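Under my numbering, the first residue of the sequence shown is numbered 466, with each subsequent residue one higher. Note that beta-carbon positions come from the ideal geometry of N, C-alpha and C, so glycine has one too. Predicted model, so just to flag it, every value in this text is computed and none were measured. Just below is one structure, and these are the notes that go with it.
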Amino acid sequence: MINLGTLAPDFNLFDTLSGKNLSLDKIKGEKATVMMFICNHCPYVIHVMPEIARIVKEYASKGVAFVAISSNDILKYPQDGPEAMKEFMEEWKLDIPYLFDESQIVAKAYDAACTPDFYIFSEDLKLKYRGRLDESRPRVEHPQPLTGKDLKGALNAILANQMVSEIQFPSMGCNIKWKE
């Protein structure tokens with residue numbers, strides 16, 4: 466994982482919702498920016514989407530920008546292609562950029578490993594959090610509730626100008642589908 470304090474690597478990617486290329490500078494938030502590496506077909510992503518939708522609704526009005534990025538190889542996983550990405554966001558009623566990282570350069574720059582993988586950057590685009598949404602997982606014998614505890618804890622600390630705990634747990638999910 467990239468180190469805390471790292472400046473967010475810049476990018477310019479195609480947004481499947483607006484049909485325009487967007488740079489980090491165009492989408493960054495006033496107080497924080499949450500980057501989520503997701504895809505359409507991953508059961509872990511599908512599991513956390515209700516909580517992601519709640520968090521976006523709760524924090525977007527507080528100066529937090531959200532962006533989703535899909536870096537999967539669409540030749541092997543066409544269900545993760547741009548048209549399906551747009552439909553996925555419409556299905557979840559989320560009006561946030563959903564960027565297509567066709568070259569996979571952005572996922573590599575962020576050391577993203579799986580979907581979902583979450584990163585929170587401060588207003589000056591320094592990494593404050595990287596890891597999981599919470600301890601909930603799909604299809605487990607004794608499921609933990611979907612709370613968004615880890616992500617929301619980091620956001621609350623940033624918004625209160627407090628230190629984000631350095632105890633951060635890596636995301637768990639489906640590996641990013643890398644091109645050969």
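Buried or exposed by the 16-neighbour rule on C-beta atoms within 10 Å, applied to residue i
| i | result |
| --- | --- |
| Ile641 | buried |
| Ala625 | exposed |
| Leu415 | Outside the modelled stretch of the chain, which goes from 466 to 645, sits residue 415, for which no answer is possible. |
| Asp599 | buried |
| Ile534 | buried |
| Gln633 | buried |
| Pro543 | exposed |
Minimum C-alpha distance to residue i - residue among the options
| i | options | result |
| --- | --- | --- |
| Trp557 | Ser601, Phe502, Met514 | Met514 |
| Gly613 | Lys527, Asn468, Tyr542, His512 | His512 |
| Tyr524 | Asp545, Ser536, Lys496, Gln544 | Lys496 |
| Asp560 | Cys639, Lys551, Met466, Asp576 | Lys551 |
| Asp545 | Gly596, Leu564, Ala473, Ser630 | Leu564 |
| Ser630 | Gly596, Gly638, Ser601, Cys639 | Gly596 |
| Cys579 | Tyr509, Gly470, Leu482 | Tyr509 |
Cβ-heavy atom distance, residue i to the ligand MN, below 7 angstroms
| i | result |
| --- | --- |
| Lys522 | Inclusion of the ligand MN in the displayed structure is not the case, the ligand content being empty and no account of it being possible. |
Beta-carbon separation (whole angstroms), residue i vs residue j, contact threshold 8 angstroms
| i | j | result |
| --- | --- | --- |
| Lys593 | Phe583 | Not confirmed; about 11 angstroms, so no contact. |
| Met501 | Pro581 | 6 angstroms |
| Phe476 | Val571 | 5 angstroms |
| Ala622 | Met628 | 7 angstroms |
| Ser601 | Gln569 | Contact flag wrong, Cβ pair sits at about 27 angstroms. |
Residue i - partner residues in DSSP beta bridges
| i | result |
| --- | --- |
| Asp582 | Phe502 |
| Ser587 | Ala497 |
Every unbroken beta strand (DSSP E) inside the region 507–575 [3 residues or more]: For the region 507–575, the continuous beta strand (DSSP E) assignments of 3+ residues that do not extend past its boundaries occur at 529–535, 563–565, in sequence order.
Alpha helix (DSSP H) runs wholly inside the region 477–505, at least 4 long, in chain order: Taken in chain order, the complete alpha helix (DSSP H) segments of 4 residues or longer contained in the region 477–505 are 489–492.
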